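Data block below; observations after.
Given below as structure tokens:
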């Protein structure tokens, strides 16, 4: 759906701010609790929690993260899911979201309603309320920014970060890589929340992140100092129709990438994984080796580039 | 400063995402702690806290909240301060911020550096780190969205909300109203954090909000059901050069508006305030009366409108 209209009566300008906020509450329905736990006060008020707090923010921008071909419900879903994926990447539990909308007054009400229905569906699915936000005028564009508050590390469980891998560790990735845009995966993916929480409880897992800009761009963040990754092309889990380049560079995979201690038997780890997640594919794609000792058959990762924003 | 340039070497496109994030860390300096407490992982990780959590989000948008006449340092400062004001309006304490930037690739690096110096200065002043964010491409615009996490209600102190006022309560406001844009107040104001925290500890204070869209638009949110405000024009604290209309409608005042029980002696309350905040003006501007009993000399608030977004 094209998000803009010249018919004022069908646009957000017809409602103005106050009417629009009332509509947003209605569209969100039970996804938005009453104030002060939800929309309507200067801040949302959330109960205290025991664990550490996680905070992450990601936008969707018209012309960059979506265009007229993406249904607005999928745009809202994508915005929520890409933030949930960041919480999954710390082994955390999402708690509450706020959404700031920068909108051209010509944005169609029908578009915005569907966008919020998409947010509401994800909110229900993962039990994460939308507790507040902001609506502001932005001539010529749509920028929707979602900030997610999460919790991690309650009950003595670790918060898994990107650092901590060592030379000798095996590299694992969930799902399949590449072709996210063409396949529609970028709007439909299921953030790996249960998987991330499971990994945080496994002592043999040393470091974790989510692959969002392509494995080639994201893997260096997991690579320990003095090491380099030795990844086997044949071991890369590729989406049907994707070659190695697509699997490494396309981006928007939203899969978990993590390091497991070298002393762990990979078959045993994979068996435990399959008992927990029989429907989530897992692949050991290689290992970290001391810098300069990469075997000749391994992929030259420096020849591949992931998605570089702002170029 | 005009924020855009056609000289690629002077624009954010010259750095690309990775270089830009490195520059942002440098510009923020000590305002941004190392990951995972700051920029660099999938989420920022913050320590657990005892009180309830507050979450608020507000953007600044080129063409809407600022233009070429506002120095970029003031834009960054304004973005941070307007969110701090929302935490103040709950009697809370700000803890950490994340900033999502949607940027045209032609944005001047010099503009963006100054913008971040503005964020860093406010971060230092109020001891609130910038712990993460996002940078994405947005052709034709600048939208900077800051989300602030806060804490309130630790040690048995209340979280002050907008609801709770009753007919008979007196209405107070801090500072002076009107003329925020012309005077530059909208970029320079000091969020009333200490004042908000003080009010939350005073049992005679029943409800609190911050005036951001003009008193005429924001006062209804404080007004209890079945009541209406009886505000005296002469009691309105106006900025020099502002008439009553400006004081009620201009917006961007970022002052605290609150209700105090009718049984409280206003002189006694004001004396206590002046001991705590000798330099922050406070005014009793009227009271809430049962609907239909507004005295004829009181302002007809329904004749005034505050700032309505998206019209």
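Protein chains in written order, with my numbering: chain A, 196 to 506; chain B, 196 to 506.
Glycine included, every Cβ here is placed at the ideal spot set by N, Cα and C.
What you are looking at is a predicted structure, and each value in this text was computed from that prediction instead of being measured.
Given that residue i touches chain B, what residues does it touch there, using C-beta distances under 8 Å?
i	result
residue 276 of chain A	The contacting residues do not exist; residue 276 of chain A stays about 14 Å from chain B at best.
residue 354 of chain A	231, 240
Roughly how many angstroms lie between the CA atoms of residue i and residue j, to the nearest whole one?
i	j	result
residue 426 of chain A	residue 235 of chain B	24 Å
residue 322 of chain B	residue 336 of chain B	30 Å
residue 334 of chain A	residue 204 of chain A	17 Å
residue 252 of chain A	residue 276 of chain A	11 Å
residue 269 of chain B	residue 428 of chain A	51 Å
residue 376 of chain B	residue 491 of chain B	32 Å
residue 347 of chain A	residue 231 of chain B	13 Å
residue 210 of chain A	residue 500 of chain B	16 Å
residue 226 of chain B	residue 281 of chain B	20 Å
residue 395 of chain A	residue 453 of chain A	11 Å
residue 479 of chain B	residue 504 of chain B	28 Å
residue 293 of chain A	residue 243 of chain A	17 Å
residue 256 of chain A	residue 330 of chain A	15 Å
residue 487 of chain B	residue 384 of chain A	56 Å
residue 320 of chain A	residue 311 of chain A	14 Å
residue 445 of chain A	residue 411 of chain A	9 Å
residue 473 of chain B	residue 413 of chain A	54 Å
Could you pull out every residue in the same chain whose Cβ sits closer than 8 Å to the Cβ of residue i, ignoring the five residues on either side in sequence?
i	result
residue 482 of chain A	363, 364, 365, 366, 424, 425, 457
residue 228 of chain A	324, 326
residue 350 of chain A	245, 246
Which same chain residues end up closer than 6 Å to residue i when comparing Cβ atoms and leaving out the 5 residues on each side of it in sequence?
i	result
residue 442 of chain A	372, 373, 431, 433
residue 306 of chain B	196, 198, 267
residue 494 of chain B	426, 428
residue 283 of chain A	386, 387, 388, 391
Interface residues of chain B around residue i at Cβ under 9 Å?
i	result
residue 304 of chain A	Ordered by position in chain B, no residue passes the 9 Å Cβ test against residue 304 of chain A, which lies about 12 Å from the chain.
In this structure, how does DSSP classify residue i when only helix, strand and coil are distinguished?
i	result
residue 218 of chain B	helix
residue 494 of chain A	coil
residue 499 of chain B	coil
residue 352 of chain A	coil
residue 390 of chain B	helix
residue 275 of chain B	helix
residue 270 of chain B	helix
residue 332 of chain A	strand
residue 462 of chain A	helix
residue 450 of chain B	strand
residue 210 of chain B	coil
residue 245 of chain B	coil
residue 403 of chain B	strand
residue 414 of chain A	helix
residue 395 of chain A	helix
residue 481 of chain A	strand
residue 476 of chain B	coil
residue 443 of chain A	helix
Taking 7 Å as the limit between beta carbons, can you name the residues of its chain near residue i, skipping five residues before and five after?
i	result
residue 381 of chain A	273, 375, 447
residue 300 of chain B	206, 207, 208, 332
residue 224 of chain A	315
residue 302 of chain B	198, 199, 206, 207, 337
Please list, in chain order, the chain A residues whose beta carbon lies closer than 7 Å to that of residue i.
i	result
residue 507 of chain B	The structure shown does not extend to residue 507 of chain B, since chain B is modelled only from 196 to 506, so the question has no answer here.
residue 282 of chain B	238
residue 256 of chain B	297, 331, 333
residue 336 of chain B	333, 335, 336
Please compile the residues from chain B whose C-beta is within a distance smaller than 7 Å of the C-beta of residue i.
i	result
residue 246 of chain A	243
residue 579 of chain A	Given that chain A is displayed from residue 196 to residue 506, the structure contains no residue 579 of chain A and the question cannot be resolved.
List, in order along the chain, the chain A residues whose C-beta lies closer than 9 Å to that of residue i?
i	result
residue 253 of chain B	295, 329, 331
residue 351 of chain B	The premise fails here: residue 351 of chain B is roughly 12 Å from chain A at the closest Cβ pair, so nothing lies under 9 Å.
residue 285 of chain B	231, 236, 237, 238, 240
residue 326 of chain B	250
residue 404 of chain B	236, 237
List the residues of chain A whose Cβ lies closer than 8 Å to the Cβ of residue i, in chain order.
i	result
residue 301 of chain B	Correct list: empty, because the minimum Cβ distance to chain A is about 11 Å.
**OP:** Could you tell me which uninterrupted beta strand (DSSP E) segments, each at least 3 residues in length, are contained entirely in the segment 285-338 of chain B, listed from first to last along the chain?
**Re:** List check, beta strand (DSSP E) in window: 288-298, 325-332.
**OP:** Starting from the N-terminal side, write out each stretch of the alpha helix (DSSP H) that is 4 residues or longer and does not extend beyond the segment 356-384 of chain A.
**Re:** If only uninterrupted alpha helix (DSSP H) runs of at least 4 residues are considered, those enclosed by the segment 356-384 of chain A are 375-378, 380-383.
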